[in-house]
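Novice:
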Amino acid sequence: MGRFLLSFAAFYLTIPVLAGHADSNQCGNRKVLTQNAIQKGQSTYSGAWPWHCAVFHLKNRALEYACGGTLIHRKFVLTADHCVLGDNGYVLTGGRIRVRLGVHRLYLLNTQTWQEHCVHAVHRYGQTVPKRKNDIAMLELGTEAEFTDYVQPVCVDQRKLLAGEIGTVVGWGYTEYDELADTLQSARIPVIGTIECLESDRDVFGQVLDSSLFCAGFTNGTTVCNGDSGGGLYFERENVCEVNEDYV
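Numbering (mature numbering (1 follows the signal peptide of the UniProt record, and there is no 0)) for the sequence shown: -19 to -1, 1 to 229.
This is how it looks when you write it as structure tokens:
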């Protein structure tokens, strides 16, 4: 039996800084109309996920893609804690991290849609070792994001997820050819009950799964990949999209 994606639940919403997340009337709105229904693992279109962003590390004066992230406020991006660590395992300073918003093709940028922001500060709320719990970080942008048709904040989900609910993960994760996807990809995956998740791989999930975490994914291989780290698991709620931060 295959493995399920292990994702963070909404327990982190007790973090005080999140009090400034986008107002419910101003978040989760897709400005560009959907062109096609989203199926399992497929390319998206520009503007489909305006809150998803790309996090880069500055290495040898060049930017290298590291992770995904989610815009929840004009000045805050939610990502995974391990996405702010350098190759040596130490936390990077904000000056060595860049966030690009409004990106569809990772390395072929559309000057009419994308924005690049320096990071003013990195806020950490846990550690990734030994059990990868509380793997969450907030990037405080040096300048406010400009909301456009291609850059919008998502709402932060505070509900407890139910098994069987369908969400969407997006990212530029590695393909079957062991290279990053150039175009933003999406896949719809279900939330999996705790018992079913444990039974899929008790040796792995038995060490990390507790009430602060949830599982999502398929046993047929439809899940997130390396390179998708830091992105969100998004749900549509009465025309409002919300996010549960995920990790792989």
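Built from N, CA and C at the ideal position, the CB exists for glycine as well. All values reported here derive from a predicted model rather than from experimental measurement.
#1: What whole-angstrom Cβ distance do Ile170 and Phe195 have, given they're in contact under 8 Å?
#2: For the alpha helix (DSSP H) that contains Arg105, what are its first and last residues?
#3: Mind checking who Pro171 pairs with in its DSSP beta bridge?
#4: Is there contact here, the stretch 118 to 127 with the stretch 48 to 57, by at least three beta-carbon pairs under 8 Å?
#5: So what does DSSP say about Cys206, is it helix, strand or coil?
#6: Please list the segments of the beta strand (DSSP E) lying wholly inside the stretch 110 to 135, counting only runs of 3 or more residues, in order along the chain.
#7: Taking its Cβ as the centre, do 16 or more other Cβ atoms sit within 10 Å of His85, making it buried, or is it exposed?
#8: Val135 and Thr51: beta carbons closer than 7 Å?
#9: Take Tyr88 and list the residues in its own chain whose beta-carbon comes closer than 7 Å to its own, dropping the five residues that flank it on each side.
#10: Below 7 Å between beta carbons: does that hold for Ser210 and Cys64?
#11: Less than 7 Å separating the beta-carbons of Val80 and Val36?
#12: From Phe216 to Thr175, what distance separates their C-alpha atoms?
#13: Is it buried or exposed for Ile147, if we count other Cβ within 10 angstroms and need 16 for buried?
#14: Between the Cα of Gly49 and those of Ala43, Leu39, Asp62 and His33, spot the shortest distance and give me the residue it belongs to.
#15: Under 7 Å, do Val150 and Leu214 count as touching if we go by C-beta distance?
#16: Buried or exposed for His38, please, with buried defined as at least 16 other CB atoms from any protein chain shown within 10 angstroms of its CB.
#17: By Cβ distance below 6 Å, which residues in the same chain neighbour Phe186 in space, the five residues on each side in sequence not counted?
#18: By alpha-carbon positions, which one of Arg11, Leu143 and Pro31 ends up nearest to Gly212?
#19: Between the beta-carbon of Asp116 and the beta-carbon of Asp191, is there less than 7 Å?
Specialist: Reading from the atomic positions:
#1: Residue numbering aside, residue 170 sits at position 189 when the sequence shown is read from its first letter. Residue numbering aside, residue 195 sits at position 214 when the sequence shown is read from its first letter. Their Cβ separation, rounded to whole angstroms, is 12 Å, which puts Ile170 and Phe195 out of contact at 8 Å.
#2: Residue mapping note: residue 105 aligns to position 124 of the sequence shown, counting from 1. No alpha helix (DSSP H) holds Arg105; the beta strand (DSSP E) holding it covers Gln96 to Arg105.
#3: The sequence position of residue 171 within the sequence shown is 190, counting from 1. Paired residue(s): Ile147.
#4: yes
#5: Counted from its first residue, the sequence shown places residue 206 at position 225. Confidence at Cys206 is low in this model, with a pLDDT of 47, below 50, so its placement is unreliable and the value that follows should be read with caution. Correct three-state label for Cys206: coil.
#6: 118 to 122
#7: Here the question's residue 85 lines up with position 104 in the sequence shown. Buried, because 16 or more other Cβ atoms sit within 10 Å of the Cβ of His85.
#8: Here the question's residue 135 lines up with position 154 in the sequence shown. Here the question's residue 51 lines up with position 70 in the sequence shown. Cβ atoms of Val135 and Thr51: closer than 7 Å.
#9: Walking along the sequence shown from the start, residue 88 turns up at place 107. So the list reads Asp163, once near-sequence residues are dropped.
#10: Residue mapping note: residue 210 aligns to position 229 of the sequence shown, counting from 1. Residue mapping note: residue 64 aligns to position 83 of the sequence shown, counting from 1. Their beta carbons are under 7 Å apart, which means Ser210 touches Cys64 by this criterion.
#11: Indexing the sequence shown from 1 puts residue 80 at position 99. Indexing the sequence shown from 1 puts residue 36 at position 55. In contact: Val80 and Val36 (Cβ atoms closer than 7 Å).
#12: Counted from its first residue, the sequence shown places residue 216 at position 235. Counted from its first residue, the sequence shown places residue 175 at position 194. Their Cα atoms are separated by approximately 19 Å.
#13: On the sequence shown, position 166 is the one that residue 147 refers to. Classification of Ile147: exposed, given that the 10 Å Cβ count is below 16.
#14: To locate residue 49, count along the sequence shown from 1; it is residue 68. Taking only the C-alpha atoms, the option nearest Gly49 is His33.
#15: One-based indexing of the sequence shown puts residue 150 at position 169. One-based indexing of the sequence shown puts residue 214 at position 233. Yes, these two residues count as a Cβ contact at 7 Å.
#16: Within the sequence shown, the letter at position 57 stands for residue 38. When all chains shown are included, His38 counts as buried.
#17: As a first step, residue 186 is located in the sequence shown; it is residue number 205 there, counting from the start. Cys178 and Leu179.
#18: Walking along the sequence shown from the start, residue 212 turns up at place 231. Out of Arg11, Leu143 and Pro31, Pro31 has the C-alpha closest to the C-alpha of Gly212.
#19: Counting from 1 along the sequence shown, the entry for residue 116 is found at position 135. Counting from 1 along the sequence shown, the entry for residue 191 is found at position 210. No, they are not a contact pair.
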